[in-house]
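**Q** Questions regarding the structure given below will be posed in turn.
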């Protein structure tokens, strides 16, 4: 029954009930105290003495003394009855007044909550920029309003980022499809075998770019989805395998790859995603480099992976944007390969493993990226996942 009532009604009834109990106890104590006083009205200990003794002291007949005692008893009973009636009237009046005051006070307190509710009901995707901006004393309700405003700000940023992501993904997918359509039109308009072969090779490269883009989007989505799938992984072995694979493809005049690994580094994460994280970082460091440059890959036993590469200078204000999907930066914008998802995937995978990634410009040009992955130190975590 009470669950169907509003919060205002429940709080009012609760406060009124508490007031009723406390007031009843106080009035009961006052009643019994007054009752003792009333019971002592009249001649002291006259009821405990014989009538003849009272008659001798007062000079009155026994009948007069008896009548006087009966009158006093009647007055006592009437006084007690009046006191009890006043007790009930006072209890009812004070309880009703307390209920009205509680209803009014709770209504004033909940008025700000109703304002928050009405404003929250108006919120939608179209006006996420609006805030409750509740004014008043710095109390629990104000704290709740500020927390809700902070949540709205995070939602607004999240939806804006998702909208940018969808727009960029659509643009990135549309570009190779438009190029493929143009190539097909050119290929179908000619009978030159050599030109057809070139168109076919261009189509294959364009198709590979589409596949790489889609794989990047899938990896990004998987990293956002697998937020709680963590298991012990030997990160040193993962880094060693990835650097060996990528280092084998570096040309003789390309960047020099330096790797410094500990004997053992066990972290918590998803093996395939961690391998993708390391691959993206090392591949980016090798790709966006300079002739005769270098890439340094360092890992410590606490799960801190640091990759530094030489390259063109990067503005410090631009570093944080490198982790946004499809953002290539001024230095990388001219690169034909890559969709701008590499560092976004790194950021998402690091978060899915409970870690974090930071970047800063390298002195003299290039970039330094540091990834911290939680290490697995318990005995249960010692069971490694094979790579």
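Residue numbers (the UniProt record's numbering): 1 to 387.
For glycine and all other residues, C-beta sits at the position ideal for the given N, C-alpha and C.
Note that the structure is a prediction, hence the values are computed from the model and not measured.
Does residue 245 pass the burial test, meaning 16 or more other C-beta atoms within 10 Å, or should it be called exposed?
**A** Classification for residue 245: exposed.
**Q** Put residue 16 into one of helix, strand or coil per three-state DSSP.
**A** Residue state, collapsed to three classes: helix.
**Q** State the Cα-Cα distance for the pair residue 136 and residue 116, rounded to the nearest angstrom.
**A** Approximately 13 Å, taken between the alpha carbons.
**Q** For residue 294, which beta-bridge partners are listed by DSSP?
**A** In DSSP, residue 294 forms a bridge with 256.
**Q** Give the straight-line distance between the Cα atoms of residue 309 and residue 295, rounded to the nearest whole angstrom.
**A** Going by the C-alpha atoms only, they are around 4 Å apart.
**Q** Per DSSP, residue 307 forms a beta bridge with which residues?
**A** For residue 307, which the question treats as bridged, DSSP gives the partners 297 and 369.
**Q** The beta strand (DSSP E) with residue 269 in it runs from where to where?
**A** Run containing residue 269: 266-269, per the beta strand (DSSP E) assignment.
**Q** Mapping DSSP to helix, strand and coil, what is residue 262?
**A** DSSP places residue 262 in coil when its eight states are reduced to three.
**Q** Per DSSP, which residues does residue 375 bridge with? Please list them.
**A** Residue 375 pairs with 267.
**Q** With distances taken between CB atoms, is the gap from residue 38 to residue 80 smaller than 8 Å?
**A** Yes, they are a contact pair.
**Q** Is DSSP giving residue 251 helix, strand or coil here?
**A** In the structure shown, residue 251 sits in coil (DSSP, three-state: anything other than H, G, I, E or B).
**Q** Can you tell me the Cα-Cα spacing of residue 44 and residue 34, whole angstroms?
**A** With a pLDDT of 47 at residue 44, under the threshold of 50, the modelled position of this residue cannot be trusted, and the question is left open.
**Q** Need the endpoints of the beta strand (DSSP E) that residue 358 sits in, please.
**A** Residues 356-361.
**Q** Please classify residue 132: is it buried, with 16 or more other beta-carbons within 10 angstroms of its beta-carbon, or exposed?
**A** Buried is the call here.
**Q** Which of the three DSSP states, helix, strand or coil, is assigned to residue 156?
**A** Correct three-state label for residue 156: helix.
**Q** What is the DSSP secondary structure of residue 137, reduced to helix, strand or coil?
**A** If DSSP states are grouped into helix, strand and coil, residue 137 belongs with coil.
**Q** So who's on the other strand from residue 231, going by DSSP bridges?
**A** For residue 231, which the question treats as bridged, DSSP gives the partners 269.
**Q** Once the 5 residues before and after residue 27 are set aside, which same chain residues still bring their CB inside 7 Å of it?
**A** Counting only Cβ-Cβ distances below 7 Å, and skipping sequence neighbours, we find 87, 90 and 91.
**Q** Quick one: Cα of residue 232 to Cα of residue 268, how far?
**A** Taking the straight line joining both Cα atoms gives about 5 Å.
**Q** Consult DSSP for residue 326 and reduce its assignment to one of helix, strand or coil.
**A** Reduced to three states, the DSSP call for residue 326 is coil.
**Q** Cβ of residue 278 within 8 Å of Cβ of residue 372?
**A** Their beta carbons are not under 8 Å apart, which means residue 278 does not touch residue 372 by this criterion.
**Q** Output the distance between the C-alpha atoms of residue 272 and residue 203, rounded to the nearest integer angstrom.
**A** One C-alpha to the other measures close to 30 Å.
**Q** Roughly how far, in whole angstroms, is the beta-carbon of residue 266 from the beta-carbon of residue 318, given that I think they are within contact range, below 8 Å?
**A** Actually they do not touch by this definition, with Cβ atoms about 35 Å apart.
**Q** Given a threshold of 16 other Cβ atoms within 10 Å of its Cβ, counted over all protein chains shown, does residue 314 qualify as buried or as exposed?
**A** Label assigned to residue 314: buried.
**Q** Helix, strand or coil: how does DSSP classify residue 149 here?
**A** Helix at residue 149.
**Q** Here's the rule: buried if 16 or more other CB atoms are within 10 angstroms of the residue's CB, otherwise exposed. What is residue 25?
**A** The residue in question, residue 25, is exposed, as its Cβ has fewer than 16 Cβ neighbours within 10 Å.
**Q** Report the option in 275, 311, 94 and 211 whose CA atom is closest to the CA atom of residue 255.
**A** Closest option to residue 255, Cα to Cα, is 311.
**Q** From residue 191 to residue 197, what distance separates their C-alpha atoms?
**A** Computed Cα separation, rounded: 11 Å.
**Q** Whole angstroms are fine: how far does the CA of residue 322 sit from the CA of residue 316?
**A** About 11 Å.
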